[in-house]
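Input: a single structure, listed below in structure tokens.
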Amino acid sequence: MRFDALSRLVRLSLARERKGAFFSAFGVAMGVGALVFFVGLGLGVGRVIRERIFPTDSRLVDVVPPSVSLGLLGGGKLDAAAVERLAALPGVETTYRKMNVRVPAVTRYDGVFFGSRLRMGMEVLAVGVDPGLVQKDVGLPEAKDFKDPGEGKAIPALISTRLLELYNKTFAPARKLPQLSAEMLIGFGFPVEFNRSYVAATSGGPTTTQQAQVVGASDRAMLAGITIPLDTAVRINRASGADADSYSGVTLVAADPSRVPELVEAVKGMGFEIDDQERRLAENAGAAVALTTSALALLSILICVLAAVNIAHAMSSSVRARAKEIGVMQAVGASRADVRAIVLA
1 MRFDALSRLV RLSLARERKG AFFSAFGVAM GVGALVFFVG LGLGVGRVIR
51 ERIFPTDSRL VDVVPPSVSL GLLGGGKLDA AAVERLAALP GVETTYRKMN
101 VRVPAVTRYD GVFFGSRLRM GMEVLAVGVD PGLVQKDVGL PEAKDFKDPG
151 EGKAIPALIS TRLLELYNKT FAPARKLPQL SAEMLIGFGF PVEFNRSYVA
201 ATSGGPTTTQ QAQVVGASDR AMLAGITIPL DTAVRINRAS GADADSYSGV
251 TLVAADPSRV PELVEAVKGM GFEIDDQERR LAENAGAAVA LTTSALALLS
301 ILICVLAAVN IAHAMSSSVR ARAKEIGVMQ AVGASRADVR AIVLA
């Protein structure tokens, strides 16, 4: 059969069964479109969770002191000797120490804040870290080494990228404050009073006031506070009479992600604990997204299957209804291939 003749017969068939053809095509389009949309949405949300909300490096192992010290049986403080033992574990590439500022701190700001007037006082949490952990996120050239500047000079401080997102999405719109980026905040300074609190009693040490200067934003920075150089945290704790010898945590960098389970077991064998809260949150959120995506993908596949069944049923009904027409076609010389082409087209 010539192509032009076949095309004419197909057009006549579609014109006669226009409604059935439309609904069949609509069902297939809806099923395929829903499948592509839901799978793409699930992959996108999963990527945002992994990269923006709970960014985790697969090589990092965060070690913290045990909740209950067992004395001579294991565990205890994360002092310099413990850090050396952790650094000597097989598979450890490097270690980064952390120390909380162990005295309360507050900030009171009264001035211009990026074009808006701001008056605010709040409690401040601070943690000191080794420079290598966050050095790549420091955006201020003169603070690139992320070292303690000493008394009387501005303390370099990093803020969390997630905290900045919370500010832009929740805090700022409700208070008509400007939206900020990490680049805009670089160089912004605010005073911090250490060993002072609005809500709790302080230690007997002196209160010291020092300017803090934002030098960048980091995924590895403390979420609800500021991240400062480790030497600065040691100096503030020592000046306030707080513990300045033991660390709040140590981040181990594994030589290869495959060595992480081995390191975790070794650390637990030494009596310390693993702070994997963010990793668990990321895994739980990822599992929830994957489960939801799978359910929606199955629903989309079901739509495609129902559309296919509808097409098959419509085609079967069409063939039965056109039995006489097909017989006439065969009587005038149409082959089985010609009839098949007309029906399937």
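Residue 160 in full-length UniProt numbering sits at position 160 of the sequence shown, and the numbers go up by one each step. Just so you know, even glycine gets a beta-carbon here, dropped at the ideal spot from N, CA and C.
Tell me the DSSP bridge mates of residue 353? Residue 353 is absent from the structure shown; the chain starts at 1 and stops at 345.
Cut-off 8 Å between Cβ atoms - residues of its own chain near Lys-144, not counting five sequence neighbours on either side: Cβ neighbours of Lys-144 beyond the five flanking positions: Gln-135 and Val-138.
In this structure, how does DSSP classify Phe-114 when only helix, strand and coil are distinguished? Phe-114 falls in the coil class under three-state DSSP.
Would you mind listing the alpha helix (DSSP H) stretches within the region 160-214 that are 4+ residues and don't spill past its ends, in chain order? Those alpha helix (DSSP H) runs which fall completely within the region 160-214 and span 4+ residues are 161-166, 172-175 and 182-185.
Nearest by alpha-carbon distance to Ala-233: which of Lys-169, Thr-107 and Arg-97 is it? Per the Cα distances, Arg-97.
What's the C-alpha gap between Glu-151 and Val-45? Taking the straight line from one Cα to the other gives about 45 Å.
So the beta strand (DSSP E) Asp-62 belongs to, where does it begin and stop? Residues 60-64.
Can you give me the C-alpha to C-alpha distance between Thr-94 and Leu-263, rounded to a whole angstrom? In a straight line, the C-alpha of Thr-94 is about 13 Å away from that of Leu-263.
Our contact map puts Val-99 next to Val-64 with C-beta atoms below 8 Å; I'd like the distance itself, whole angstroms only. The residue you asked about is not Val; residue 99 is Met in the sequence shown. With a Cβ gap of about 12 Å, Met-99 and Val-64 do not count as contacting.
Neighbour-count burial assignment, Thr-161, 16 or more Cβ in a 10 Å radius: With 16 or more Cβ atoms within 10 Å of its Cβ, Thr-161 is classed as buried.
Could you give the distance in angstroms between the alpha-carbon of Val-192 and the alpha-carbon of Ile-228? C-alpha separation (whole angstroms): 12 Å.
Is Ile-155 near Ala-212, with beta carbons less than 7 Å apart? The answer is yes: Cβ separation under 7 Å.
My understanding is that Arg-196 touches Val-106, with C-beta atoms under 8 Å, so please give their C-beta distance in whole angstroms. At roughly 5 Å, the Cβ-Cβ gap stays under 8 Å, so Arg-196 and Val-106 are in contact.
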